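Undergrad:
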Amino acid sequence: MGQCGMTDTRDGLIDQVSRYYAGKIAEHGETPRGVDWNDEAGQHARFAEVCKVIEPDRDGFSLNDLGCGYGALLDYLLSRHSGVRYHGFDVSSEMLDSARTRWQSQPDATFTAASTPTRESDYGVASGIFNVRLNRADDEWRAYMLDTLDALDATSRRGFAFNCLTSYSDPDRQRDDLYYVNPGEVFDICKQRYARNVALLHDYGLYEFTVIVRKTV
Numbered sequence: 324m325g326q327c328g329m330t331d332t333r334d335g336l337i338d339q340v341s342r343y344y345a346g347k348i349a350e351h352g353e354t355p356r357g358v359d360w361n362d363e364a365g366q367h368a369r370f371a372e373v374c375k376v377i378e379p380d381r382d383g384f385s386l387n388d389l390g391c392g393y394g395a396l397l398d399y400l401l402s403r404h405s406g407v408r409y410h411g412f413d414v415s416s417e418m419l420d421s422a423r424t425r426w427q428s429q430p431d432a433t434f435t436a437a438s439t440p441t442r443e444s445d446y447g448v449a450s451g452i453f454n455v456r457l458n459r460a461d462d463e464w465r466a467y468m469l470d471t472l473d474a475l476d477a478t479s480r481r482g483f484a485f486n487c488l489t490s491y492s493d494p495d496r497q498r499d500d501l502y503y504v505n506p507g508e509v510f511d512i513c514k515q516r517y518a519r520n521v522a523l524l525h526d527y528g529l530y531e532f533t534v535i536v537r538k539t540v
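Here the numbering used here is used: the first residue of the sequence shown is 324, the next is one more, and so on.
(1) Residue range of the beta strand (DSSP E) that V534 falls in?
(2) Note down the Cα distance separating G335 from F485, rounded to an integer number of angstroms.
(3) Please report the residue range of the beta strand (DSSP E) in which A477 lies.
(4) Identify which residue in A437, L488 and Y527 has its Cα closest to the Cα of Q337.
(5) Would you report the Cα separation of P440 and G482, rounded to the nearest angstrom?
(6) Going by DSSP, what residue range makes up the alpha helix (DSSP H) through H367?
(7) Once you ignore the five residues that flank F510 on each side, which residues in its own chain have a CB closer than 7 Å to its CB?
(8) Between H410 and S444, how many whole angstroms is the CB-CB distance? I'm expecting something under 8 Å.
(9) Given this structure, state the Cα-to-Cα distance separating D473 from D495, to the nearest angstrom.
(10) Under a Cβ-count criterion, where at least 16 other Cβ atoms within 10 Å of its own Cβ denotes burial, should G507 be classed as buried or exposed?
(11) DSSP three-state call for G411: helix, strand or coil?
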């Protein structure tokens, strides 16, 4: 497939994902279910894992939140850190409208329509964006995931973190519209492509795993 064909395929995928999440927030509003999580406890558990990329007690940093939704991660960050310069990116205009309204009084928060970060920050995180593949084939979704990880790496100075559904999920609980990944394969990719210091977290009680990529600055 030529470069033009690859771009067309990605654009179609992004447009489909955008419509899916626009429907979610229209149905459920600014809630965890509005970004396709079951509940607030699970949402916060995921935030806790991806935010482990941030050094303990560190303040005054910038962070790219890819797939930011209505900006729920910013609540979590501001409750634990000061001087956070937050940049949210999402493909859903409906999500971004909600985020901008919700955070209009926060001067250090920006929200941009994009499928990859458009600026460099200290950290990058992506929570949940690789889970819902809809009717896309595994190979197509895997290519999208790897392209997105390359973009996170290119725009994160100190490191980045993301999560995926694990292929170790119980077979009877797996869904055809979700994308499950072998955690060992993803760990190996990150070690080879991005950094020597990579952590695989697969012990927090959900059917998923988190990868932390730390860079030497």
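Note that CB positions come from ideal geometry on N, CA and C, so glycine has one too. It should be emphasised that the depicted structure is a prediction, and the values quoted were computed from it without experimental measurement.
TA: In brief:
(1) If you look at V534, you'll find it in the beta strand (DSSP E) that goes E531 to R537.
(2) So the two alpha carbons sit approximately 23 Å from each other.
(3) Counting along the chain, A477 falls outside any beta strand (DSSP E), though it belongs to the alpha helix (DSSP H) covering D461 to A477.
(4) The residue you asked about is not Gln; residue 337 is Ile in the sequence shown. When only C-alpha atoms are compared, the closest one is A437.
(5) If I take the Cα positions, the gap works out to 14 Å.
(6) If you look at H367, you'll find it in the alpha helix (DSSP H) that goes E363 to V373.
(7) Once the five neighbours on either side are set aside, the close Cβ partners of F510 are V521, L523 and V534.
(8) Sure, about 6 Å apart at Cβ, within 8 Å.
(9) When rounded, the distance between both Cα atoms is 32 Å.
(10) Flag for G507 reads exposed.
(11) It is a strand residue.
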